[in-house]
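Since the structure comes first, as structure tokens, the remarks are kept for the end.
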Amino acid sequence: MTTYKEIFGKQVKNYSSDPANNAEGQIWFNTTSGTFKSLLSLGAWSSGGSMSTARFALGGAGTQTAGLGFGGYIISTGDKNSTEEYNGSGWSNGGNLGTARRSLSGCGTQTAGLAFGGFSALTATEEYGGTSWTAGGVLSTGRRNLGGAGTQTAGLAFGGQTTTFVANTEEYNGSSWTSGGALNTARSGIAGAGTQTEALGFGGYTPTNTAATEEYNGSSWTSVNSMNTARKYLAGAGTQTDALAFGGITTANTNVTEEYGGTNWASSPASLSTARRRLGGAGTRAAGVGFGGETTTQVATTEEYNFSTTVTTGAAFSSGGNMPDATSKVADGGTQTAAVQGGGQKNNPDSQPTSSSEYNGTSWTGGNALPSTYGAVTSATGTQTALITGGANNPTPGGTFEYDGTNWTAAPQLGTARYGGKTLGTQTAAVHCGGRVSPPTLNNVEEWDGSSWTAVTAMPIATRSQGGIGTQTAGVVVSGFQGPSSSPVSPTSSVSRGVLGFDYDGSSWTTGASALIAGADGGAAGIQTVAIYLAGENPALSPGSITTSQTYDGTSYTTNASVIRSRATAFGITSSRTAAVGTAAMIFGGANPAATPNDTAATEEYNAGTTAVNIRTLTTS
-9 MTTYKEIFGK QVKNYSSDPA NNAEGQIWFN TTSGTFKSLL SLGAWSSGGS
41 MSTARFALGG AGTQTAGLGF GGYIISTGDK NSTEEYNGSG WSNGGNLGTA
91 RRSLSGCGTQ TAGLAFGGFS ALTATEEYGG TSWTAGGVLS TGRRNLGGAG
141 TQTAGLAFGG QTTTFVANTE EYNGSSWTSG GALNTARSGI AGAGTQTEAL
191 GFGGYTPTNT AATEEYNGSS WTSVNSMNTA RKYLAGAGTQ TDALAFGGIT
241 TANTNVTEEY GGTNWASSPA SLSTARRRLG GAGTRAAGVG FGGETTTQVA
291 TTEEYNFSTT VTTGAAFSSG GNMPDATSKV ADGGTQTAAV QGGGQKNNPD
341 SQPTSSSEYN GTSWTGGNAL PSTYGAVTSA TGTQTALITG GANNPTPGGT
391 FEYDGTNWTA APQLGTARYG GKTLGTQTAA VHCGGRVSPP TLNNVEEWDG
441 SSWTAVTAMP IATRSQGGIG TQTAGVVVSG FQGPSSSPVS PTSSVSRGVL
491 GFDYDGSSWT TGASALIAGA DGGAAGIQTV AIYLAGENPA LSPGSITTSQ
541 TYDGTSYTTN ASVIRSRATA FGITSSRTAA VGTAAMIFGG ANPAATPNDT
591 AATEEYNAGT TAVNIRTLTT S
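Per my numbering, the very first residue in the sequence shown carries number -9; after that it's consecutive.
Here you go:
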């Protein structure tokens, strides 16, 4: 924040447009709009990358750019032991807790974290070293829904619940817990911030919701001014004199955010976009992060709070124009502003349309039909012309069609008839990987030179319905139904959804990075070092599809924004496809088993986040 000294003596100047380099608090007159303006700091929430695993009642630690989420609960499967690490934009998988648990607390950093308490491992403490958890000293008073603050070697646990509400405080020295001063108000569902000797505890229930706030000095707690909104199961971040409280439940889930300046709480004009309880929190008042939590079910949503002169808008999907025909398993090509789709599969009723259409960035326009029906197709192109192949067309799977921007024409078929594989590359230099003929899944690979297909080095394992990224000489395939390496041609019954990724250099395959979420029939776009992957279906999820996107940097995957619409078919096949790369992609078509009809024409556009200075018009009052 700019100081008075930095702006003292600066004149109010005339500008025809708002300057980008003024100091915070400096005033200028915009001659175009006829208004006085100033650059101001403002707290605001923005979207971050979704967690790999939606969950609530989890622990949190670290900062906004190096966060840690661990443990928690999923309604359908119970307590979790998984850990995720946040890098400021997305999540990646970390080492698992030794004991699965929910309603725990945590403190410390991403490379030196502390987890303690929770249900049902009420006394257990674990220490995180950046890759794995190890057992630490046990709490004297086992409890759940407790507050936490401090570091791995100077931690603080307070409040919570056993069979009754707890006021007990314990201090951790890196190996064992000892008793500290008790809270003035025993309570559960409390949030915490600060250090072992300068801590803040706020909110919770007693058994009624409370706004009570207390400060800890290393030996005793002192009651201070209460929050403006009484609530339990909230999250906190920051220090004793500069704290953030957000989310929780009053009579209903709340998105209210409050800031503490060392004396009083002030309601922030910014609210969480997703009201929720039992969420995780980390960071500072000026740079906080909230993740996971519970609405009517568990969520993976991540939001970042920033108090600065820069307003951040996170990456997100937004609705685009609908396709002329609701269809799943469509072929795709092009970019976000110049895309083409053709063929596909309809589930209600079961049929394979020959229709195609083009997208101009706003709307779809119907084009010429394919020569024959063509379902479960895959395509290779970076332009609005296209090559599609390997679909379940009649009478033989594995046909190839080319699109010149106006018309579709038949081309030579794959050497091995199949469908459900993945094509990478361009209209004149492509590679087709894996696929299936009912029932076997294949590891066969063929290359296209613009006129014919040639068999080349097979993949390490049999794979179908995988994601594909890149070109004929720099490609990536990931996830899908993956068979064992010992059996290149596997029966369908032995093939399961996987996360493995494989890189292709034009002649050989090597094992690459694994995706974060097992799935099949996901869409992918980009190049080998900059890509976005939208994992499709997984019946273990509800309603059976993976809504979280993943970005790939050539080395690893991290989570990103979630799609608006779930896209998975009743067959366990998604058909969403993406076009373009990195910061501007799109997804269209697909099916949702929870909807009637389940085929969709919906289009969504992905755009990376933006930043802008926070300029406010001043009044003359």
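Glycine included, every Cβ here is placed at the ideal spot set by N, Cα and C.
Cβ-Cβ distances below 6 angstroms link S79 to G39 in the same chain, with the five nearest sequence neighbours on each side left out; the list follows chain order. DSSP places N20 inside the beta strand (DSSP E), whose first and last residues are I17 to N20.
Spanning the alpha carbons of P314 and T590 requires a straight line of approximately 10 angstroms. Rounded to whole angstroms, the separation of the alpha carbons of T185 and G226 is 13 angstroms. At the C-beta level, N604 and T299 come within 8 angstroms of one another. Here the alpha carbon of N358 sits roughly 14 angstroms from the alpha carbon of Q374. The residue among N528, S72, S539 and A147 with its C-alpha nearest the C-alpha of W211 is A147. For the pair T549 and T291, the Cα-to-Cα distance works out to about 11 angstroms. Looking only at T152, I17 and L94, the smallest Cα-Cα distance to A181 is reached by L94. The three-state reading of DSSP puts D493 in strand, counting E and B together. Counted as a single uninterrupted DSSP element, the beta strand (DSSP E) harbouring R606 occupies residues I605 to T607. When DSSP states are grouped into helix, strand and coil, D322 belongs to the strand group. In the DSSP annotation of this structure, the continuous segment of the beta strand (DSSP E) that includes T390 starts and ends at T390 to Y393. If the five residues before and after G415 are omitted, its C-beta is found closer than 6 angstroms to the C-beta atoms of A370, V421, T461 and Q462, all from its own chain and listed in chain order.
Counting along the chain, the unbroken beta strand (DSSP E) around K27 starts and ends at T25 to L29. Where F471 is concerned, the enclosing beta strand (DSSP E) starts and stops at G465 to Q472.
Assignment of V156 by DSSP, reduced to helix, strand and coil, places it in the coil class. For L136 against W167, the beta-carbon gap comes to about 12 angstroms, at or over 8 angstroms, which does not count as contact. G179 sits away from Y162, with the two beta carbons spaced by 8 angstroms or more.
Bounds of any beta strand (DSSP E) do not take in Q151, whose DSSP letter is neither H nor E.
Boundaries of the beta strand (DSSP E) around K3: K3 to Y5. Per DSSP, the continuous beta strand (DSSP E) segment holding N296 begins and ends at T292 to S298.
Sequence-distant partners of A265 (beyond 5 residues in either direction) whose C-beta falls short of 6 angstroms from its own C-beta, in its chain, are N243, T244 and N245. In this structure, the CA atom of V2 is about 9 angstroms from the CA atom of F26. DSSP, read as helix, strand or coil, puts D232 in coil. Looking at the DSSP output, E437 bridges to V421 and T444. Each of A220, Y63, S28 and T101 was checked against the Cα of G57, and the nearest Cα belongs to T101.
Straight-line spacing of the CA atoms in S37 and E437 works out to 41 angstroms.
Around G457, the same chain offers V468, S469, G512, A514 and Y523 as residues with beta carbons nearer than 6 angstroms, after the five sequence neighbours per side are excluded. Non-local C-beta neighbours of A10 in its own chain, meaning closer than 8 angstroms and more than five positions away in sequence, comprise V603, ordered along the chain. Counting the other Cβ atoms within 10 Å of the Cβ of N338 gives fewer than 16, which makes it exposed. In this chain, the beta strand (DSSP E) harbouring Q331 covers A328 to G332.
The beta carbon of L360 is closer than 7 angstroms to those of G332, G333, T344, S346, F391 and W398 in its chain, skipping five residues each way along the sequence. In this structure, the beta-carbon distance from Q54 to V301 does not fall below 8 angstroms. Sorting N588, A551 and N20 by C-alpha distance to the C-alpha of A575 places A551 at the top. For Q335, the three-state secondary structure derived from DSSP is strand.
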